[in-house]
Amino acid sequence: MPVNWRLLSDSKVLPDSGLALDDALTRSASEWGSPTLRLYTYTPCVLVGRFQHVPNEVNLEHCQSMGVPINRRPSGGGAIIMGPDQLGIALIIPNRIDGFAMRSSDLMHQCASGLIRALEKLGISAKFQGKNDLVADNRKIAGLGLYQPNSSGRLFHASLLLDLNIKTMLKLLRAPFDSTEASTNRYSAVSKRITTVRSSVGTDFSMSELIETVRAGYEDEFGVRIESQKVNSSEQQLADHLVETQYSTTEWIYRDNAPVRDYVGQSSIRTGAGDLEIKVITAGDTLKSVFLSGNFITSDNAVHDLESSLRWHTSEPRALKQTIAKSMKQNAKAWDRISEGEITTTLLRALNQSDTSNSNLTAGSCFGREIAEVV
């Protein structure tokens, strides 16, 4: 007889109450002998990751003018927009039950497997990529995060794109491109890196159908029955308390996570496949994002795979060279006219440019000095 999990579903929840309930369910997880799967949508809002600095990630002026509230998730990951076309997924796992991985990276993969199975039911082949993304055809379709507040339980968070208004997203979030770059170019660049459920199965596919598909995906993947129930009174009381003391407070939403300012650099090179430009965004010693553009010829999948593998990567040159080599080897045919050395050299020069204005980098991290030694 399969084990029963609890299903909670909501729609159009406010960001403070929605996040507080996820947190309360996790803190109370020891009361249950099995996981809880919560599937829900928000009213339009922007949610930043637990360790992000709001001004770095969010266009505050546009959020205010458009009346879009901002809040902070208890889980990690990047800034996202949520609304009626983005499905929030919270899987709460009591610590005392068997069958779930202890290492965070392993748990992330395990919890994401239910989403992968659900997407398979829709004919969408998805896989885990980078630190916390699900991609379909190398384009992001879901973002993932984890949170463990105490010894009671662990929270797996995901946002799955049924649909997405990219123009709205670019207004509300700080796009990882130069402010001088044309808006049409920003839209095109982002649209090539993101996909949605509706783009694969049709515009008539509804959120209620997606919720049922995700529930069935987790049932099949974990061999369980997931039955609809309600939040109990103690969980709701804790959630209400967390709204008042945490999730509605400016101290939580705009808290200072010892922010490291973002810095941008870029460099270009002419290759046998055409002109290649690499833009980077760094935060301290971390390579936050990498974007390849130009008139060079290769496959979108190869570009997106390389960009994803370098996201949130150490800026240590030899580690970068190893990651670039691995990604290019996996897509060797696509990179036949651009060499590993050309990519590595151009990336390090872009990092060196960002380094000239980045006082947060540790002493000795001079990319320009190390290019010749690495390539």
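Numbering of the sequence shown is given in our numbering, commencing with residue 1 and proceeding in unit increments. Cβ coordinates follow ideal geometry from the N, Cα and C atoms, glycine included.
In angstroms, rounded to a whole number, what distance separates the CA positions of residue i and residue j?
i, j, result
"L287", "E251", "28 Å"
"I226", "R193", "33 Å"
"V243", "P317", "44 Å"
"N138", "E212", "25 Å"
"R311", "S289", "5 Å"
"T180", "K279", "With a pLDDT of 46 at T180, under the threshold of 50, the modelled position of that residue is not reliable, and the figure given next carries that caveat. Whole-angstrom Cα-Cα distance: 14 Å."
"R349", "N132", "27 Å"
"C63", "P69", "7 Å"
"S188", "K12", "29 Å"
"S233", "A29", "14 Å"
"D16", "N71", "7 Å"
"A101", "L107", "5 Å"
"S299", "Q129", "17 Å"
"K321", "T271", "18 Å"
"K167", "S65", "15 Å"
"S228", "I92", "15 Å"
"A254", "H53", "According to the sequence provided, residue 254 is Tyr. The question's Ala does not apply to it. Y254 and H53: Cα-Cα distance of roughly 7 Å."
"K333", "F156", "37 Å"
"Q330", "D204", "36 Å"
"Q148", "L14", "22 Å"
"T245", "D22", "15 Å"
"A325", "G341", "9 Å"
"S199", "D163", "8 Å"
"G223", "S327", "35 Å"
"E219", "F51", "32 Å"
"R38", "G274", "48 Å"
"W32", "H109", "23 Å"
"A283", "I343", "21 Å"
"V231", "D98", "23 Å"
"S152", "I116", "27 Å"
"R73", "A79", "9 Å"
"Q237", "R103", "31 Å"
Taking 6 Å as the limit between beta carbons, can you name the residues of its chain near residue i, skipping five residues before and five after?
i, result
"I81", "V46, M169, L172"
"D10", "Y40"
"I281", "P176, D262, V264, K288, S289"
"Y247", "D16, L19, A20"
"R6", "T36, Q229"
"P84", "T41"
"A216", "none"
"D178", "With a pLDDT of 45 at D178, under the threshold of 50, the predicted position of this residue should be treated as unreliable, though the coordinate-derived value follows. Cβ within range, chain order: n/a, list empty."
Residue i by DSSP, collapsed to three states: which one?
i, result
"D137", "coil"
"Y187", "helix"
"H53", "coil"
"G77", "coil"
"E376", "The structure shown has nothing for residue 376, since the chain only spans 1 to 375."
"P94", "strand"
"K230", "coil"
"N4", "strand"
"S105", "helix"
"G274", "strand"
"L37", "strand"
"I281", "strand"
"V68", "coil"
"S248", "coil"
"S299", "coil"
"K333", "coil"
"T89", "Sequence check: residue 89 is Ile here, not Thr. Of the three classes helix, strand and coil, the one that applies to I89 here is strand, per DSSP."
"G83", "coil"
"W14", "For the sequence presented, residue 14 should be read as Leu rather than Trp. Correct three-state label for L14: coil."
"I269", "strand"
"S28", "coil"
"D23", "helix"
My understanding is that residue i touches residue j, with C-beta atoms under 8 Å, so please give their C-beta distance in whole angstroms.
i, j, result
"A49", "E221", "For the record, residue 49 in the displayed sequence is Gly; it is not Ala. At roughly 26 Å, the Cβ-Cβ gap does not stay under 8 Å, so G49 and E221 are not in contact."
"G294", "L276", "5 Å"
"L8", "T36", "6 Å"
"L144", "G77", "7 Å"
"I89", "V190", "Actually they do not touch by this definition, with Cβ atoms about 22 Å apart."
"S34", "L146", "Not quite, the Cβ-Cβ distance comes to about 19 Å (not below 8 Å), so this is no contact."
"I338", "F291", "Between F291 and I338 the Cβ distance is about 16 Å, and since that is not below 8 Å, they are no contact."
"L122", "V201", "5 Å"
"N56", "R154", "With a Cβ gap of about 27 Å, N56 and R154 do not count as contacting."
"L60", "M207", "Going by Cβ atoms, the distance from L60 to M207 rounds to 29 Å, so no, they are not a contact pair."
Near residue i, what residues of its chain come up, given a Cβ to Cβ distance below 7 Å and the 5 sequence neighbours on each side ignored?
i, result
"H304", "N138, R139, R193"
"N150", "R27"
"S267", "I278, T346, R349, A350, Q353"
"D240", "none"
"T323", "S309, L310, H313"
"A302", "N331, A334, W335"
"R96", "S30"
"C111", "L91, F156"
Keeping to the same chain, check which residues put their C-beta closer than 8 Å to that of residue i; ignore five residues upstream and five downstream.
i, result
"I141", "L119, I124, A126, L134, V135, L160, L161, I194, T195, T196, V197"
"T314", "D285, T286, L287, L320"
Could you check whether the Cβ of residue i sits closer than 8 Å to any Cβ belonging to chain D?
i, result
"G223", "Checking the listed chains, one finds no chain D in this structure; it contains a single protein chain."
Next on the checklist: Extract the residue ranges of the alpha helix (DSSP H) inside the segment 112-174, only unbroken runs of 4 or more that lie entirely within it.
Outcome noted: Positions of the alpha helix (DSSP H) runs, each at least 4 residues long and wholly inside the segment 112-174, are given as 166-172 in order along the chain.
Checklist entry - Counting only runs that start and end within the segment 192-229, where is the alpha helix (DSSP H) found for 4 or more residues in a row? => result Within the segment 192-229, the complete alpha helix (DSSP H) runs of at least 4 residues fall at 197-201, 207-222.
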